[in-house]
Amino acid sequence: MAGSSNPAIEDAIDPRDERETLRDYLRALGRDKVTASAALFLLALLAFTAGAEFLAPHKPTGLNLADRMLPPFSTGKKGLFYLLGTDELGRDLFTRLIYGARVSVSVGLLGATLSCFFGVIAGLTAGYYGGLYEDLVMRLVDGMLSLPSLLVALFVLFILGGGFANLILVFAVLHWMVFARMSRGLALAARSKTYVVAAKAMGASGRRIVFRHILPNVVAPILVLYTLEIAILILSEASLSFLGFGVQPPDPSWGLMIADGREHIRSAWWLVAFPGLAIFLTALCLNLVASWVRAVTDPAQRWRWFAIGSGGGG
Amino acid sequence: MPYLLKRVINSVLLLLITVSFVFFACRMIGDPALNMLGPGANDIALENLRRAAGLNDPLWLQWVRYMGGLLQGDFGVSYRYGFSVIPEADLKDIGVPVVDLVAERLPATFLLAGVAMAIAVPLGLGMGVIAAAYPRHLADRLVTVLSLAGVSIVQFWLGLMLIVLFAVQLGLLPTGGYGEPAHVVLPALTLAARPIGRIAQVVRSAMLDELAKPYVVTARAKGVAEWRVILLHALRNAAIPIITMIGDELSALLTGAILVEKIFAWPGIGLLIIDSLSRSDLPIIQVSIAVVATLVIIVNLLVDFAYRIIDPQIQLGRKA
Chain U
1 MAGSSNPAIE DAIDPRDERE TLRDYLRALG RDKVTASAAL FLLALLAFTA GAEFLAPHKP
61 TGLNLADRML PPFSTGKKGL FYLLGTDELG RDLFTRLIYG ARVSVSVGLL GATLSCFFGV
121 IAGLTAGYYG GLYEDLVMRL VDGMLSLPSL LVALFVLFIL GGGFANLILV FAVLHWMVFA
181 RMSRGLALAA RSKTYVVAAK AMGASGRRIV FRHILPNVVA PILVLYTLEI AILILSEASL
241 SFLGFGVQPP DPSWGLMIAD GREHIRSAWW LVAFPGLAIF LTALCLNLVA SWVRAVTDPA
301 QRWRWFAIGS GGGG
Chain D
1001 MPYLLKRVIN SVLLLLITVS FVFFACRMIG DPALNMLGPG ANDIALENLR RAAGLNDPLW
1061 LQWVRYMGGL LQGDFGVSYR YGFSVIPEAD LKDIGVPVVD LVAERLPATF LLAGVAMAIA
1121 VPLGLGMGVI AAAYPRHLAD RLVTVLSLAG VSIVQFWLGL MLIVLFAVQL GLLPTGGYGE
1181 PAHVVLPALT LAARPIGRIA QVVRSAMLDE LAKPYVVTAR AKGVAEWRVI LLHALRNAAI
1241 PIITMIGDEL SALLTGAILV EKIFAWPGIG LLIIDSLSRS DLPIIQVSIA VVATLVIIVN
1301 LLVDFAYRII DPQIQLGRKA
């Protein structure tokens, strides 16, 4: 490419091997220890979420009044080991965290997926077609973005009632705008690119151009935003559930666990500390992975990640 | 000028839509008279209240009356505060005006938000500038880690942990309350954590962009002292993304205060919102949500105006 005299760089961004394979990405990930550990943490979290029944050391509802309020790393009366301690009913905190992850993570994933789906459709079509439709969509986006979303979520959940499904619905309605704004910008930029003009010249329909030509080319930035949005939604879920307007009691969620533990904060700090730590680590890992994806898929930066592997070196 | 005017009109429209949405949504959840008097109320009392409050009128008329009242500064009366007898005649004689309840709470929220921003802005600016001045040094890494941690942490959980550490274990500061300077320390620190991280991140990347530009090379070549290059040349040019971020964080802080006020029993508007939601005190909910939305919209508007003052080259209203 113009302006660069380093042969390694030229080589790495040669269009012939521009599309890295999954293996290249994994190798690049292996070189970045911090991001690799973050990705491993997220994988482990997913595994625990999916296989809670098999992987949890105790039963989530297993009351054991003899072993109430045990601190972390303690062994109960019957020789049972509690990694993170127990709560006021003698339930194992680690087990409850695993089951809580199921709720918190699926709220984050489903909420982000729905808002991404609607936001990307609205944004890409608005950016590609333009006109009055674009004006209407973007006015709605700007209007909704300038409202305080946590407060609106709180109010809507107060009206509709909390619970898993309502929470996801509210997140989808209040978070699609960020995706719409970003994809509109991407579609606007893509509209004048050669590949779009070529597709149009060949008679492709608008829908085909938007979803078969533009969308695959703008997946990377959307993926970054999607990852960040999962983190934001997990944090919001915790806040709303803590206030009693999110996930409702028999379902365990990390935010609810903090709310429950708050009553015992003077005597049993671990009941509040670990659920919050779980949220913190999950959000942190999502943020780390997002910034890695951003760096790796950025055309100006990607050679840093792949050049070494392909024998060049910088 | 037309642009600014258009922005203001848009904001007012948005506010009207929000207030109306809240009004109609509150009517959706059931009979307001029943909500006011509680499930045990008898039919005669309910009917009296409906007649007194005009609840038998068509909904649109009630909406017109409500909006008209808002314009005249009449925000309605609270159902819960000072409301012991069943109202027979005029509601306004018995209930506490909402406007008083909300106005009473605003100073506490402003104080909290002000102190939090007074901590966050200088710290975030300082950390970002240092990180950009020494890229890839230990300080830079530390700032990156801290700012990532700041955006990943659950604010109210941080507040609880600070209570455990400083109030319960060390006994240095009160667990909550209002009135003395010591009371503001923990809630303000809790609220400041996130903006510190976000501001530092934005300052760092904006400064790195600026420091790579030719005018910085020129300044250095002329022999301008490095601190002048960084603080007077680059920082000034990096101001726009920084101001945007500070504005964003200020509006996030106004809503974040809801949880923090709850944790620390800080008697601001956030605590009022939570309390009235759990008591279904609809008049207060309607007004306090409108007040917070107004504040957030005003902050957004001010940020837009600030652009124009900082950088006359920006032509507002043009699509990017």
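Taken in sequence, the protein lines are chains U and D. Note that the numbering used here numbers the first sequence so that position 51 is 51, with each residue one more than the last. With positions in the second sequence counted from 1, the corresponding number in the numbering used here is that position plus 1000. Ideal Cβ positions, reconstructed from N, Cα and C, are used throughout, including at glycine.
Minimum C-alpha distance to residue i - residue among the options
| i | options | result |
| --- | --- | --- |
| L1111 (chain D) | D:I1297, D:I1298, D:P1267, D:A1025 | D:P1267 |
| L1232 (chain D) | D:I1246, D:P1241, D:Y1215, D:D1248 | D:Y1215 |
| T113 (chain U) | U:D87, U:F179, U:N217 | U:F179 |
| Y129 (chain U) | U:G246, U:R208, U:L22 | U:R208 |
| L45 (chain U) | U:L97, U:L93, U:L22, U:W269 | U:L97 |
| G1177 (chain D) | D:Q1169, D:P1187, D:L1170 | D:P1187 |
| N1010 (chain D) | D:I1310, D:R1308, D:L1301 | D:L1301 |
| D1304 (chain D) | D:I1243, D:L1055, D:L1138 | D:I1243 |
| P252 (chain U) | U:V141, U:R262, U:F164, U:A220 | U:F164 |
| L169 (chain U) | U:G246, U:V137, U:G131 | U:G246 |
| I265 (chain U) | U:D87, U:T61, U:M138, U:L40 | U:D87 |
| A47 (chain U) | U:T35, U:V173, U:L26, U:R102 | U:R102 |
| G1179 (chain D) | D:F1264, D:L1170, D:L1059, D:L1046 | D:F1264 |
| A187 (chain U) | U:G111, U:G119, U:A52 | U:G119 |
| R212 (chain U) | U:A190, U:S115, U:F94 | U:A190 |
Euclidean distance between Cα positions of residue i and residue j
| i | j | result |
| --- | --- | --- |
| I279 (chain U) | A28 (chain U) | 27 Å |
| G161 (chain U) | S267 (chain U) | 32 Å |
| A283 (chain U) | S1152 (chain D) | 5 Å |
| A1033 (chain D) | L235 (chain U) | 36 Å |
| S1276 (chain D) | L157 (chain U) | 14 Å |
| L240 (chain U) | T194 (chain U) | 46 Å |
| L1191 (chain D) | S205 (chain U) | 50 Å |
| K33 (chain U) | F117 (chain U) | 32 Å |
| G276 (chain U) | D135 (chain U) | 42 Å |
| L1208 (chain D) | A1131 (chain D) | 9 Å |
| A290 (chain U) | L223 (chain U) | 8 Å |
| S183 (chain U) | L225 (chain U) | 10 Å |
| L1158 (chain D) | L1282 (chain D) | 31 Å |
| P1058 (chain D) | S106 (chain U) | 43 Å |
| L1148 (chain D) | V293 (chain U) | 15 Å |
| L151 (chain U) | A1219 (chain D) | 47 Å |
Contact set for residue i: own chain, Cβ-Cβ below 6 Å, skip 5 residues either direction
| i | result |
| --- | --- |
| N1237 (chain D) | E1210 |
| T1175 (chain D) | I1163, A1167 |
| A259 (chain U) | F242 |
| M1127 (chain D) | V1143, A1200 |
| P1195 (chain D) | A1120, E1249 |
Where the alpha helix (DSSP H) containing residue i begins and where it ends
| i | result |
| --- | --- |
| Y1178 (chain D) | No alpha helix (DSSP H) contains Y1178 (chain D), which DSSP labels as neither H nor E. |
| S149 (chain U) | 149-160 |
| S1147 (chain D) | 1138-1152 |
| E134 (chain U) | 131-145 |
| Y226 (chain U) | 219-242 |
| L1162 (chain D) | 1155-1162 |
| K193 (chain U) | Segment: none, K193 (chain U) is in no alpha helix (DSSP H) and carries neither H nor E. |
| V1168 (chain D) | Where V1168 (chain D) is concerned, there is no enclosing alpha helix (DSSP H), given that its DSSP letter is neither H nor E. |
| T297 (chain U) | 270-297 |
| N1300 (chain D) | 1282-1310 |
| Q984 (chain D) | Only positions 1001 to 1320 of chain D appear in this structure, which leaves residue 984 (chain D) out of reach. |
| M257 (chain U) | 254-262 |
| A1219 (chain D) | 1214-1221 |
| G1270 (chain D) | 1269-1279 |
Short CB-CB distance (under 8 Å) between residue i and chain U
| i | result |
| --- | --- |
| S1152 (chain D) | yes |
| L1259 (chain D) | yes |
| T1190 (chain D) | no |
| F1166 (chain D) | no |
| W1157 (chain D) | yes |
Chain D within 8 Å of residue i, Cβ atoms only
| i | result |
| --- | --- |
| W269 (chain U) | yes |
| G365 (chain U) | The requested residue 365 (chain U) is not part of the displayed model; chain U covers only 1 to 314. |
| N166 (chain U) | no |
| G313 (chain U) | Low per-residue confidence applies at G313 (chain U): pLDDT is 34, beneath 50, and the placement is therefore not dependable, though the value from the model is reported in the following sentence. By this cut-off, G313 (chain U) is not an interface position. |
| F280 (chain U) | yes |
| F158 (chain U) | yes |
| S192 (chain U) | no |
| V105 (chain U) | no |
Other residues of its chain near residue i: CB distance less than 7 Å, five sequence neighbours each side excluded
| i | result |
| --- | --- |
| V1296 (chain D) | S1251, L1254 |
| T125 (chain U) | V210 |
| D298 (chain U) | none |
| F1023 (chain D) | W1063, Y1066, Q1286 |
| D1140 (chain D) | A1131, Y1134 |
Chain B contact residues for residue i, given Cβ-Cβ distances below 8 Å
| i | result |
| --- | --- |
| R294 (chain U) | The chain inventory of the structure shown lacks chain B, comprising the protein chains U and D. |
Close Cβ partners of residue i (< 8 Å) along its chain, the five nearest in sequence each way excluded
| i | result |
| --- | --- |
| A1306 (chain D) | I1243, G1247 |
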